[in-house]
Amino acid sequence: MSWDFLWTDCRLATFAGDQPYGAIEDGAIGIEGGRITWVGPADRLPGPPSELATNVCDLKGRWVTPGLVDCHTHLVFGGDRSLEFEQRLQGVSYEEIARRGGGINSSVKATREADEHELVAAARPRLQALINEGVTTVEIKSGYGLDTDTELRMLRAARRLSEELPITLRTTFLGAHAFPPEFRDDPDAYVDLVCDHMLPRVADEGLADAVDGFCEGIAFSPDQIERVFGRARELGLPVKLHADQLSDLGGAALAARFGALSADHVEYTSEEGALAMGEAGTVAVLLPGAFYVLRETQVPPVDAFRRFGVPMALATDCNPGSAPVLSLLAMASMGCNLFRLTPEEALRGITCNGAAALGLDEQIGTLEVGKQADLAIWDIRHPVDLCYWLGARPLTGLMRGGSWVQKPPL
Ligand code: NIG
Ligand code: FE
């Protein structure tokens with residue numbers, strides 16, 4: 000028997016099994032061919048470490064978790080919106096800025112002006128910042144192009160980033176993010192463009208793993224989202240939705256009706272919406288960064304999600320408007336402090352439930368045999384420290400698919 004790696008003297012937060020955090024003290028983990036081949040208490044290893052693996056690493060009691068999963072970002076975009084940040088600080092609301100033609104549409108203008116190379120160059124440090132914190136899987140949405148060429152360019156830029164950086168990437172087509180200025184007087188014609196031109200091109204070129212929309216008073220109506228989702232399903236693409244962020248338009252229930260992977264934001268989701276999500280297996284992706292930046296007061300119905308068995312994920316929502324956020328661990332902290340998640344729920348939210356929100360729960364998100372060897376090594380006393388401290392930078396090693404991204408000091 001010869002595994003590529005065997006890690007010994009480590010403590011594992013597997014997020015599998017019945018123990019809190021799926022914890023295994025005095026654990027060991029074997030890695031072969033980019034996958035986890037053995038995981039459990041060290042005293043059950045099937046032989047002496049030196050006979051089991053080519054590389055035996057003594058982790059000196061450090062904690063190991065699955066690589067982190069950021070399941071909702073808009074990190075490819077042109078320009079920035081720091082001036083709007085200043086406006087909001089002077090009391091102008093996010094919705095008012097959008098109505099005045101700013102907001103998402105100011106990023107659209109800058110994104111249309113950027114070529115693919117410029118989009119990649121601007122996004123690279125943002126993605127790198129997430130990786131530096133322990134993230135091994137990221138989702139990136141389009142949605143700042145709102146014309147066929149720019150939407151496709153954003154998705155290509157995202158795909159290119161995953162060739163350059165050690166990250167597993169999922170792309171999401173978000174053509175239904177906002178109405179571009181040229182369609183302001185005929186919004187339904189823009190929905191036609193999304194359904195009849197953009198979606199078939201995106202599907203043809205294999206550029207997106209899922210389709211998203213923004214269902215809100217300042218964006219798309221439930222009827223318009225239904226049209227987009229209907230087309231996406233015809234093309235065989237799974238859906239997800241920015242739902243019930245600023246008001247309750249029944250977005251979560253709509254997403255559930257289409258078997259959505261996730262409904263995201265969900266601050267205003269009703270009991271019925273949460274029930275429908277539970278029945279459909281739709282993940283609630285909570286985005287406390289946007290909640291914090293927009294100084295929202297309505298918290299998502301976390302108790303209803305618990306009661307109806309809705310898995311909860313947490314993500315950065317990294318975007319230039321509502322969530323200039325580059326720390327997923329900060330979201331875990333905010334998930335606890337702002338939304339009253341338990342630390343274990345918060346950590347499941349950035350590992351296994353984040354994976355489920357991307358339809359990747361069979362491949363990543365827990366420490367179990369057969370899963371991709373995406374592993375983060377931490378200098379912490381206990382997993383709760385990952386949520387308890389803000390800005391601590393506790394990552395000391397990172398492996399993705401069985402290759403080192405950051406080698407720990409051994
Ligand atoms: O997830 N809610 C809509 N979309 C983004 C915001 C995008 C923006 O303001 O640029 C979000 O918060
Ligand atoms: Fe978003």
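Residue numbering for the sequence shown follows numbering that gives the first Met the number 0, starting at 0 and increasing by one per position.
Just so you know, even glycine gets a beta-carbon here, dropped at the ideal spot from N, CA and C.
{"Item": "Validate contact between the stretch 368-380 and the stretch 29-38 using beta carbons, cut 8 angstroms, 3 pairs", "Value": "yes"}
{"Item": "Touching by the beta-carbon criterion (3+ pairs, under 8 angstroms), the stretch 57-75 and the stretch 290-308", "Value": "no"}
{"Item": "Pairwise C-alpha distance: phenylalanine 14 and proline 48", "Value": "25 angstroms"}
{"Item": "For serine 131, three-class secondary structure by DSSP", "Value": "A small fix is needed here, since residue 131 is asparagine in this sequence, not serine. If DSSP states are grouped into helix, strand and coil, asparagine 131 belongs with the helices."}
{"Item": "Straight-line gap, valine 227 to valine 383 (C-alpha atoms, nearest Å)", "Value": "41 angstroms"}
{"Item": "Coarse secondary structure for leucine 245, derived from DSSP in three states", "Value": "coil"}
{"Item": "Neighbourhood of proline 342 by C-beta distance below 8 angstroms, restricted to the same chain and skipping five residues each side", "Value": "Ala331, Cys335, Pro382, Val383, Leu385, Cys386 and Tyr387"}
{"Item": "Closer than 7 angstroms: isoleucine 103 CB and nearest the ligand NIG heavy atom", "Value": "yes"}
{"Item": "Proximal residues to glycine 250 (C-beta, below 6 angstroms), its chain only, five neighbours per side dropped", "Value": "Cys214, Leu240, Ala242 and Asp243"}
{"Item": "For phenylalanine 178 and tyrosine 189, believed in contact at Cβ under 8 angstroms, the rounded distance", "Value": "5 angstroms"}
{"Item": "Expected contact under 8 angstroms - CB spacing of tryptophan 2 and alanine 41 to nearest Å", "Value": "Going by Cβ atoms, the distance from tryptophan 2 to alanine 41 rounds to 14 angstroms, so no, they are not a contact pair."}
{"Item": "Residues near leucine 11 in its chain [Cβ-Cβ closer than 6 angstroms; skip 5 each side]", "Value": "Ile23, Gly26, Val63 and Leu366"}
{"Item": "Tryptophan 377 to proline 393 span [Cα, whole Å]", "Value": "6 angstroms"}
{"Item": "Close-in-space but distant-in-sequence residues of the same chain around glycine 396 (CB under 7 angstroms, 5 per side omitted)", "Value": "Ile376, Gln405, Lys406 and Pro407"}
{"Item": "CB of leucine 285 within 8 angstroms of CB of alanine 322, strictly", "Value": "no"}
{"Item": "C-beta atoms of glycine 320 and glycine 100 nearer than 8 angstroms", "Value": "no"}
{"Item": "Length of the line joining the Cα atoms of glutamate 115 and arginine 125", "Value": "16 angstroms"}
{"Item": "Terminal residues of the alpha helix (DSSP H) in which glycine 353 lies", "Value": "351-356"}
{"Item": "Candidates Asp222, Pro299, Asp185 and Leu236, of which the one nearest proline 199 by Cα", "Value": "Leu236"}
{"Item": "Residue environment, valine 298, which counts as buried when at least 16 other CB atoms sit within 10 Å", "Value": "exposed"}
{"Item": "Arginine 200, DSSP secondary structure in three states", "Value": "helix"}
{"Item": "Presumed contact (8 angstroms Cβ cut-off) between threonine 167 and isoleucine 363, rounded CB distance", "Value": "7 angstroms"}
{"Item": "As assigned by DSSP and simplified to three states, the class of serine 92", "Value": "coil"}
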